[in-house]
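**Q** Mapped onto the numbering used here, the consecutive letters of the sequence shown carry residue numbers 4 to 100.
Note that the Cβ used here is the ideal one computed from N, Cα and C, for glycine as well.
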Amino acid sequence: MPWSHAVIDCVERRAVTGTPIAEYVPERLVNDRLALVGDAAHVPTPMTGNGFSASFKDALALAECLIDASTIRAYVPALLGYPITLDRLLPGLPKSI
Ligand SMILES: Cc1cc2nc3c(=O)[nH]c(=O)nc-3n(C[C@H](O)[C@H](O)[C@H](O)COP(=O)(O)OP(=O)(O)OC[C@H]3O[C@@H](n4cnc5c(N)ncnc54)[C@H](O)[C@@H]3O)c2cc1C
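(1) Could you check the C-alpha separation between Tyr71 and Leu63 for me, to the nearest Å?
(2) Tell me whether the beta-carbon of Pro86 lies closer than 8 Å to the beta-carbon of Val33.
(3) Can you pull the DSSP bridge partners for Leu37?
(4) Please report the residue range of the alpha helix (DSSP H) in which Tyr78 lies.
(5) Whole angstroms are fine: how far does the CA of Pro29 sit from the CA of Asp44?
(6) Buried or exposed for Ala66, going by 16 or more other Cβ atoms inside 10 Å?
(7) Label Cys68 either buried or exposed according to how many other C-beta atoms from any shown protein chain fall within 10 Å of its C-beta, with 16 as the threshold for buried.
In structure tokens, the structure reads:
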């Protein structure tokens with residue numbers, strides 16, 4: 004293993020630092036006429052380099068849900084499908100309800 008000497012050396016010198024990786028997930032994505040997208044809906048750590056594409060898929064999911072809602076009143080029930088559509092487009096993302 005090419006990295007084993009470097010890793011063992013770091014451990015022996017106690018030169019190892021750890022950065023916890025946690026992804027923020029709100030309790031829910033939709034409340035009445037409000038929907039969370041992008042980093043407000045999920046904040047991937049910059050180390051995964053996934054925030055933009057995840058945010059882009061939020062917009063796709065939102066558009067897909069609202070495309071047939073022709074009035075403001077129709078938005079509320081249409082938005083309920085947003086987390087479900089998002090789950091299809093972003094299956095690996097930590098889940099909100
Ligand atoms: C250091 C770093 C590196 C990253 N590297 C990558 C990467 O390599 N690949 C990748 O895919 N993602 C990466 N990301 C994540 C990516 O940048 C974000 O996930 C993405 O920009 C989220 O888009 P957003 O529209 O939700 O939020 P933002 O891009 O943050 O947009 C929010 C906007 O709202 C504005 N705003 C805030 N408050 C208000 C207010 N009260 N009124 C009006 N406007 C307001 C802000 O000024 C901002 O313009 C990185 C993030 C960081 C911090």
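**A** The answer reads as follows:
(1) Looking at the sequence itself, residue 71 is Asp, so the reference to Tyr does not match. Cα-Cα distance, rounded: 14 Å.
(2) yes
(3) Asn34
(4) 75-82
(5) Residue identity check: residue 44 is Ala in the sequence provided, not Asp. Cα to Cα, Ala44 sits roughly 6 Å from Pro29.
(6) exposed
(7) buried
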